[in-house]
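The structure appears right after this line, and notes come after that.
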Amino acid sequence: MSDTQTRHRYEQLIEIFNRCFSDDYNTRLVKGDDEPIYLPADDELPYHRIVFAHGFYASGLHEISHWCIAGEARRQLVDFGYWYCPDGRDAQTQSEFEAVEIKPQALGMDVLRGGRFPV
Numbered sequence: 203m204s205d206t207q208t209r210h211r212y213e214q215l216i217e218i219f220n221r222c223f224s225d226d227y228n229t230r231l232v233k234g235d236d237e238p239i240y241l242p243a244d245d246e247l248p249y250h251r252i253v254f255a256h257g258f259y260a261s262g263l264h265e266i267s268h269w270c271i272a273g274e275a276r277r278q279l280v281d282f283g284y285w286y287c288p289d290g291r292d293a294q295t296q297s298e299f300e301a302v303e304i305k306p307q308a309l310g311m312d313v314l315r316g317g318r319f320p321v
């Protein structure tokens, strides 16, 4: 099977991330249903969760990018302390959203290109 025919599965992403980071960083990657979110450990669950949307591989990579950039202090805050406004933003809000997203988007694109994903 060629590189372009290789099918990347979100289960593999979860397994690799959790194997690499769950012990040292007390963080797990989790498939979610709707909007992605980062949830720090709490009384209900003793580990941090990176929840990505609908099992989409690219969403998982994007949320991991946020986690990499966030740093230790922001990893103690829900969604790393960032605000989120769903689609349908006005021009000003969209501009602010893009400013927050530029670094994770860039890191995610680098990972996708390195993994020979279609971008």
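Counting from 203, one number per residue, gives the positions in the sequence shown under my numbering.
Cβ coordinates follow ideal geometry from the N, Cα and C atoms, glycine included.
Query, Result
"The segment 287 to 298 in contact with the segment 241 to 258 per 3-pair CB rule at 8 Å", "no"
"Minimum C-alpha distance to Y240 - residue among A308, D225, A275, W269", "W269"
"Spatially closest choice to R230 from F254, R211, R209, D245, by CA coordinates", "F254"
"Nearest candidate by alpha-carbon position, reference P242, set D292, S297, R277, L309", "R277"
"Residue span of the alpha helix (DSSP H) that contains H210, given as start and end", "No alpha helix (DSSP H) contains H210, which DSSP labels as neither H nor E."
"Spatially closest choice to D235 from Q307, G262, L279, by CA coordinates", "G262"
"Check whether I256 and P306 have beta carbons under 9 Å apart", "Note on residue identity: the sequence assigns His, not Ile, to residue 256. No."
"Beta carbon of L215 nearer than 9 Å to that of I271", "no"
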